[in-house]
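Asks: Here it is, the structure, as structure tokens.
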Amino acid sequence: MSMLHRKLLRDLSASKWLFVAVTAVIALGVAFFGASYLGYSNLKTSYDYTHDTLRFADFTVKVVQAPGDVVEELESLPGVDAVSARLNYDMALTLPGDEEKRVLARVISLPSDARPAVNDVKVEEGRYFEAGETDAMLVENSFADYHGLEAGDTLYLTADGQEVAFAVAGLITSPEYIWAAKNLQEVFTTAETFGVLFVAHEAVTDLMGIPVVNEFCFLVDEDADRDAVVDDVEELLEPYYVTEIVPREEQPSNLMLSQDLEGFGEIAEVFPLLFLIVGALATYILLTRVVYRQRAQVGLMRAVGYSRRQVLLHYLGFALVIGVAGALVGTLAGYLLSELVTSLYVGFLNLPYIRTEVGWEEWVAIEEGLLIGILPCVVAGILPAFSASRLVPAEAMRTPPPAAGRKILLERLFPSISHLSATWKVPLRNIFRTRRRSLYTVTGIAFGVSLMLVSAAFIDTVDYFVGMQFDDVQRYDARIDFAQPQPLALVDEVEGWTETGDVEPVLQVPVRLDNGSESVTTLLLGLPQDGDMFGVYSTEGDGLAVDGEGVYLSEGLRKTLDVDVGDTVDVRSAAAVTELEVAGIARQSMGAYAYSSLGQAQSVAGVEDVLNGLMVGVEPQYTDSAVRERAYQMPGATSVELTSETYEMVEELMGFMRGMMYVMLGFGAVMAFAIVFTVVSINIIERSREIATMRTLGEGKGRIALMITVENLLVGLAGLIPGIPLGYALALSIFRLVETDMFSLTLAVFPRTYILTAGIVILIMLVSQLPGIRQVNNLNLPRVTKEQVT
Numbered sequence: 052m053s054m055l056h057r058k059l060l061r062d063l064s065a066s067k068w069l070f071v072a073v074t075a076v077i078a079l080g081v082a083f084f085g086a087s088y089l090g091y092s093n094l095k096t097s098y099d100y101t102h103d104t105l106r107f108a109d110f111t112v113k114v115v116q117a118p119g120d121v122v123e124e125l126e127s128l129p130g131v132d133a134v135s136a137r138l139n140y141d142m143a144l145t146l147p148g149d150e151e152k153r154v155l156a157r158v159i160s161l162p163s164d165a166r167p168a169v170n171d172v173k174v175e176e177g178r179y180f181e182a183g184e185t186d187a188m189l190v191e192n193s194f195a196d197y198h199g200l201e202a203g204d205t206l207y208l209t210a211d212g213q214e215v216a217f218a219v220a221g222l223i224t225s226p227e228y229i230w231a232a233k234n235l236q237e238v239f240t241t242a243e244t245f246g247v248l249f250v251a252h253e254a255v256t257d258l259m260g261i262p263v264v265n266e267f268c269f270l271v272d273e274d275a276d277r278d279a280v281v282d283d284v285e286e287l288l289e290p291y292y293v294t295e296i297v298p299r300e301e302q303p304s305n306l307m308l309s310q311d312l313e314g315f316g317e318i319a320e321v322f323p324l325l326f327l328i329v330g331a332l333a334t335y336i337l338l339t340r341v342v343y344r345q346r347a348q349v350g351l352m353r354a355v356g357y358s359r360r361q362v363l364l365h366y367l368g369f370a371l372v373i374g375v376a377g378a379l380v381g382t383l384a385g386y387l388l389s390e391l392v393t394s395l396y397v398g399f400l401n402l403p404y405i406r407t408e409v410g411w412e413e414w415v416a417i418e419e420g421l422l423i424g425i426l427p428c429v430v431a432g433i434l435p436a437f438s439a440s441r442l443v444p445a446e447a448m449r450t451p452p453p454a455a456g457r458k459i460l461l462e463r464l465f466p467s468i469s470h471l472s473a474t475w476k477v478p479l480r481n482i483f484r485t486r487r488r489s490l491y492t493v494t495g496i497a498f499g500v501s502l503m504l505v506s507a508a509f510i511d512t513v514d515y516f517v518g519m520q521f522d523d524v525q526r527y528d529a530r531i532d533f534a535q536p537q538p539l540a541l542v543d544e545v546e547g548w549t550e551t552g553d554v555e556p557v558l559q560v561p562v563r564l565d566n567g568s569e570s571v572t573t574l575l576l577g578l579p580q581d582g583d584m585f586g587v588y589s590t591e592g593d594g595l596a597v598d599g600e601g602v603y604l605s606e607g608l609r610k611t612l613d614v615d616v617g618d619t620v621d622v623r624s625a626a627a628v629t630e631l632e633v634a635g636i637a638r639q640s641m642g643a644y645a646y647s648s649l650g651q652a653q654s655v656a657g658v659e660d661v662l663n664g665l666m667v668g669v670e671p672q673y674t675d676s677a678v679r680e681r682a683y684q685m686p687g688a689t690s691v692e693l694t695s696e697t698y699e700m701v702e703e704l705m706g707f708m709r710g711m712m713y714v715m716l717g718f719g720a721v722m723a724f725a726i727v728f729t730v731v732s733i734n735i736i737e738r739s740r741e742i743a744t745m746r747t748l749g750e751g752k753g754r755i756a757l758m759i760t761v762e763n764l765l766v767g768l769a770g771l772i773p774g775i776p777l778g779y780a781l782a783l784s785i786f787r788l789v790e791t792d793m794f795s796l797t798l799a800v801f802p803r804t805y806i807l808t809a810g811i812v813i814l815i816m817l818v819s820q821l822p823g824i825r826q827v828n829n830l831n832l833p834r835v836t837k838e839q840v841t
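In terms of our numbering, the sequence shown is residues 52 to 841.
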């Protein structure tokens with residue numbers, strides 16, 4: 052081992068905790084990259100494998116009704132690989148138990164004598180249908196878990212006012228309902244009010260009384276032009292009144308999961324980059340100060356014959372050791388954490404298949420993790436190493452003269468500072484006389500603050516969304532939905548119940564909005580003009596009065612249709628096409644609704660004085676479930692949504708998101724500690740001569756420790772000033788990256804978060820200075836002053 056290698060090891064050992072701290076920052080960045088990217092890759096692979104195994108449809112065509120034998124004609128079209136024809140209806144489902152419970156069920160038909168050619172299901176428990184079996188059903192797994200359903204249970208579907216019993220043959224997972232979204236407008240539905248069931252095709256036709264189908268699911272040949280196939284299919288099915296064509300990308304469940312995965316992938320790229328930028332900054336600060344402290348050693352090295360190249364490589368070796376060690380530790384940790392991330396996500400979504408194979412793409416990602424861990428350190432180390440190699444031996448070995456004593460700018464502006472005690476005056480002078488060192492510290496703290504604030508902003512935004520949704524938007528206690536339109540007089544009837552307070556009608560109308568070549572399918576919500584139980588807000592947060600003859604669009608719909616306030620859109624329902632003016636743009640975090648007055652919605656639907664939903668307030672002395680029991684006795688009631696249960700479901704979902712954000716917050720806090728520990732420790736060590744001199748002149752250890760603490764706290768507070776706006780800007784940028792038409796949260800940072808962040812920074816400053824203070828308290832005063840002087 053050469054002399055320089057031994058010196059490198061001794062230097063690393065002498066300041067091991069500083070190097071460990073910087074290495075930890077690099078390791079965190081690489082681990083975050085590995086965990087998020089490999090987790091993202093595992094989820095994408097699992098989704099793709101599930102879709103391929105269960106033959107998830109490339110597109111689905113919905114019609115009013117068509118004969119089943121049209122499948123043969125569809126299969127003969129060029130480019131069509133497979134076709135499944137089925138019935139898809141929403142019905143009322145009564146669950147077993149001591150207390151009657153009714154929910155809205157999506158009933159989808161499957162062949163009883165074979166597995167479907169498209170959109171197959173995986174049986175998780177129990178069995179598939181037997182040939183000719185018409186009294187059995189398959190229940191979607193997450194819905195069954197929520198209600199405690201098992202194979203052998205009996206459920207009741209209501210058709211034409213009659214309840215028909217079905218035995219649960221098995222629990223299944225469907226590629227269409229991995230995320231059980233009712234539609235694009237209601238992607239967050241609770242299993243308390245909505246479930247998906249599969250019944251033998253013959254049984255569904257008997258229930259509906261019509262031997263037809265209303266949906267066709269298609270798989271397209273790999274080399275076929277899907278758009279051309281869609282055109283051919285639409286032309287062939289035109290006599291059966293095509294109502295909607297849903298490509299795989301816009302299927303609600305798949306769209307929700309894809310956008311969630313896309314957002315995860317964006318975060319997987321951005322957050323590690325922030326960590327590694329901070330790690331490179333910490334490496335630069337550390338090596339710059341190491342070179343400064345070892346000026347005399349550099350001069351001696353050059354004087355005894357070491358070349359500039361050898362000196363350059365020696366100090367670059369510090370950066371290389373930090374980068375390699377951090378990258379190796381981070382890569383291993385990232386791989387292990389990716390398994391945890393994947394298992395958490397898969398468990399939350401109940402994915403039927405899990406694939407965590409490490410293929411060539413994953414190996415490339417692992418190699419990228421190593422590279423992005425090493426490269427920033429090497430780049431950050433080049434400047435300090437180069438400056439060391441350029442030092443002239445005679446100048447380097449000469450002790451630099453102390454700076455001339457003079458008043459700092461602050462004292463000239465505020466002369467009263469000169470009369471402060473040394474406890475305050477000395478720290479202030481140190482900060483302004485060593486401006487570069489102070490700037491390093493402020494910059495490091497600002498980056499640490501920004502990373503903590505980004506994570507905390509996600510948590511605050513989730514809390515803000517939940518509060519906004521259930522305090523300002525969804526103000527009712529219960530909502531009763533009906534399968535068919537009901538007379539408006541039903542409002543007075545329900546208001547007369549002893550359990551209810553205010554009652555307001557709502558009419559939900561399936562519509563297609565058209566603006567030239569742009570179109571989108573959505574739900575039009577008709578609300579009473581003087582209603583108070585459902586809040587609609589503008590993008591600026593102001594309340595909107597939904598009245599008049601216009602339509603109010605969510606921000607997602609506005610972008611899709613490329614319209615603005617004052618433009619007109621065609622609103623197409625099953626009854627007619629109505630041209631309406633865009634009266635306003637509504638803020639909506641999830642889904643994409645259109646809103647109008649109740650009268651306007653009735654006009655679009657071609658009906659008068661009807662509703663298909665009631666928003667109900669419950670009197671304080673009664674429970675929400677009492678209203679549910681009363682509502683189930685109403686003819687035509689398909690489901691009763693209790694806001695309290697929806698709140699619990701959303702809280703459970705958001706709890707998962709909060710958990711992920713708290714992990715990120717922890718990463719940010721650890722990294723903030725690492726960089727603050729590094730810069731603070733270097734600051735204290737570099738002032739050994741100054742502190743030793745003060746100790747020699749009789750200054751006590753406690754007073755010196757207080758001066759150091761005051762200086763660090765002042766610099767820490769200075770770091771908060773750029774750190775907070777930087778964190779807010781980073782959070783805003785990340786939110787824009789993950790924002791989609793279906794999911795758009797308004798960034799919110801509560802005042803408590805700023806206070807908490809400041810408190811954490813102060814705590815980190817206090818804790819990180821303890822090793823340095825302990826070291827200067829144990830200084831060998833004669834040796835330190837002699838070394839500095841000579």
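Cβ coordinates follow ideal geometry from the N, Cα and C atoms, glycine included.
Name the two residues that bound the continuous beta strand (DSSP E) containing Met-188.
Replies: 187-191
Asks: In this structure, how does DSSP classify Thr-101 when only helix, strand and coil are distinguished?
Replies: Assignment of Thr-101 by DSSP, reduced to helix, strand and coil, places it in the helix class.
Asks: Only counting runs of 4 or more residues, tell me where the alpha helix (DSSP H) segments fall wholly within the region 143-226, in order along the chain.
Replies: Complete alpha helix (DSSP H) runs here, min 4: 192-198.
Asks: Specify whether the region 684-700 and the region 238-249 touch according to this definition: at least 3 beta carbon pairs, one from each stretch, less than 8 Å apart.
Replies: yes
Asks: Between Gly-80 and Gly-330, how many whole angstroms is the CB-CB distance? I'm expecting something under 8 Å.
Replies: About 5 Å; that satisfies the 8 Å criterion.
Asks: Closest to Asn-234 by CA distance: which of Asn-192, Cys-428 and Ala-643 is it?
Replies: Ala-643
Asks: Does the distance from the CB of Val-2 to the CB of Gly-552 come in under 9 Å?
Replies: Any answer about residue 2 is impossible in this case: the structure gives the chain only from 52 up to 841.
Asks: Is it right to say Arg-153 is buried, meaning 16 or more other beta carbons lie within 10 angstroms of its own, or is it exposed?
Replies: buried
Asks: Where do the N-terminal and C-terminal ends of the beta strand (DSSP E) with Phe-269 fall, by residue?
Replies: 264-271
Asks: With burial defined as no fewer than 16 other Cβ atoms inside 10 Å of the residue's Cβ, what is the status of Val-250: buried or exposed?
Replies: buried
Asks: If you reduce the DSSP assignment to three classes, tell me which class Leu-79 lands in.
Replies: helix
Asks: Buried or exposed, going by whether 16 or more other CB atoms sit within 10 Å of the CB of Met-584?
Replies: buried
Asks: So, at 8 Å on beta carbons, what are the nonlocal neighbours of Val-721 in its own chain, with the 5 sequence-adjacent residues on each side left out?
Replies: Ala-75 and Leu-79
Asks: Is there contact between the region 591-609 and the region 528-535, where contact requires at least three CB pairs shorter than 8 Å?
Replies: no
Asks: Which residues in the same chain have their Cβ closer than 8 Å to the Cβ of Val-174, if we skip the five residues on either side of it in sequence?
Replies: Leu-189, Gly-221, Leu-222 and Ile-223
Asks: According to DSSP, simplified to helix, strand and coil, what is Leu-539?
Replies: In the structure shown, Leu-539 falls within a coil segment according to DSSP collapsed to helix, strand and coil.
Asks: At 4 residues or longer, what runs of the alpha helix (DSSP H) sit wholly inside the region 322-374?
Replies: 346-354
Asks: Can you check DSSP and say which residues form a bridge with Lys-610?
Replies: According to DSSP, which records beta bridges pairwise, Lys-610 is partnered with nothing at all.
Asks: Which of the three DSSP states is assigned to Asp-141 in this structure?
Replies: Strand at Asp-141.
Asks: Would you kindly work out how many angstroms separate the C-alpha atoms of Val-280 and Pro-298, rounded to a whole number?
Replies: In a straight line, the C-alpha of Val-280 is about 12 Å away from that of Pro-298.
Asks: I need the DSSP call for Val-247, collapsed to helix, strand or coil.
Replies: strand
Asks: Excluding five sequence neighbours on each side, which residues of the same chain lie with their C-beta closer than 7 Å to the C-beta of Lys-58?
Replies: none
Asks: Determine whether the beta carbon atoms of Thr-382 and Ala-625 lie at a separation below 9 Å.
Replies: no
Asks: In the DSSP assignment, find the beta strand (DSSP E) that holds Lys-113 and state where it starts and stops.
Replies: 110-117
Asks: Between Val-812 and Asn-305, what straight-line distance do the alpha-carbon atoms span, to the nearest angstrom?
Replies: 42 Å
Asks: How big is the Cα-Cα spacing for Gly-706 and Ser-819?
Replies: Each residue's Cα considered, the two are about 32 Å apart.
Asks: I need the DSSP call for Asp-621, collapsed to helix, strand or coil.
Replies: strand
Asks: Going by C-alpha distance, which of Asn-170, Glu-184 and Asp-532 is nearest Ala-218?
Replies: Glu-184
Asks: Counting only the same chain and skipping the five closest in sequence on each side, list residues whose C-beta sits under 6 Å from that of Thr-841.
Replies: With a pLDDT of only 38 at Thr-841, under the threshold of 50, the placement of this residue in the model should not be trusted; the figure read from the coordinates follows. Nothing listed; no residue qualifies.
Asks: Straight-line CA distance for Glu-320 to Ile-425?
Replies: 17 Å
Asks: Looking at the secondary structure, which residues open and close the alpha helix (DSSP H) in which Asp-283 lies?
Replies: 277-288
Asks: What do you get for Tyr-292, buried or exposed, if any count of 16 or more other CB atoms within 10 angstroms of its CB means buried?
Replies: Residue environment for Tyr-292: exposed (fewer than 16 other C-beta atoms within 10 angstroms of its C-beta).
Asks: Near Ser-654, which residues of its chain fall below 8 Å by C-beta distance, leaving aside the five closest residues on each side in sequence?
Replies: Thr-629
Asks: How should Met-519 be labelled, buried or exposed, when 16 other C-beta atoms within 10 angstroms of its C-beta is the threshold for buried?
Replies: buried
Asks: Can you look up Leu-604 in the DSSP assignment and give me helix, strand or coil?
Replies: strand
Asks: Can you tell which of Phe-801, Leu-631 and Pro-536 has its C-alpha closest to the C-alpha of Ala-507?
Replies: Its Cα nearest to that of Ala-507, the residue Phe-801 stands out among Phe-801, Leu-631 and Pro-536.
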